[in-house]
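Just remember that this note's numbering sits 122 ahead of the position in the sequence shown, which is counted from 1.
Don't be surprised by glycine CBs; every beta carbon is placed ideally from N, CA and C.
Written out below as structure tokens is the structure these notes cover.
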Amino acid sequence: MELFDLPSQPGQRLDAETHAGVFGDLPSSLAQSLHTAELGDLVLQLLDRGWRQGQLAARVGALPSGPDPVAEITALLEGFLDQVPPDARWREEKREREALRSSSAEFEQPASEESRQAWLARIRDELGARRTTPREPVRRTRPACALCGQESSYFVTREVRLCDTCVEQLGTGALQLPNVG
123 MELFDLPSQP GQRLDAETHA GVFGDLPSSL AQSLHTAELG DLVLQLLDRG WRQGQLAARV
183 GALPSGPDPV AEITALLEGF LDQVPPDARW REEKREREAL RSSSAEFEQP ASEESRQAWL
243 ARIRDELGAR RTTPREPVRR TRPACALCGQ ESSYFVTREV RLCDTCVEQL GTGALQLPNV
303 G
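Set out below in structure tokens:
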């Protein structure tokens, strides 16, 4: 049987496992002084209401040290009796978010096509002038080869350009350039 299912009885001390789960991170002398029937009853009430041992341990461990730590821890735990446990609060908030989400989903509808087009037109107007489509660049042709008339690849002088084939033939000596001015 789990400790969460046990009804708390007045004046009941905590078992060692529960006491260590809630007060185990505290200095041993302080943890020993917290092993009373009053605190045991208080912790069991909190556990019955839905608090977990780790949640209580984290909150007790975060308390700053003071002149009377037992009284401060007792006051803290008594304050938790008036609060909704974090897990229950989280479930309630989740339920509210889901209810809100489902109710808002019923009212939300996609925009009509006319509305979409009106907004797009307004946005385009705010952006400024409409861009024109870029013109195709003018394809530049290379001048003709001075020897054969094909498209040239090599620049020799302003008036003389040669193609790949003619350059190869010149390199082998099969072709010679005529004397040009």
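- Of all alpha-carbon atoms in 237, 167 and 189, the one lying nearest the alpha-carbon of residue 135 is that of 167.
- Annotated as distal: residue 192 and residue 222, with beta-carbon spacing of 9 Å or more.
- Distances from the CA of residue 210 to each of 274, 171 and 162 were compared; the closest alpha carbon is that of 171.
- Exclusion of the five residues before and after residue 164 leaves 196, 199, 200 and 203 as the residues of its chain whose Cβ lies within less than 8 Å of its Cβ.
- Between the C-alpha atoms of residue 184 and residue 220 there is a straight-line separation of about 33 Å.
- Out of 298, 268 and 299, the CA that lies nearest to the CA of residue 285 is found in 268.
- Excluding the 5 residues flanking it on each side, residue 175 has same chain C-beta neighbours closer than 6 Å at 143 and 144, in chain order.
- DSSP places residue 266 within a strand segment (E or B) once states are collapsed to three.
- Residue 260 is classed as exposed because its beta carbon has fewer than 16 other beta carbons within 10 Å across all chains shown.
- Less than 9 Å divides the Cβ of residue 283 from the Cβ of residue 275.
- Counting the other CB atoms within 10 Å of its CB gives residue 141 a total of 16 or more, which places it among the buried residues.
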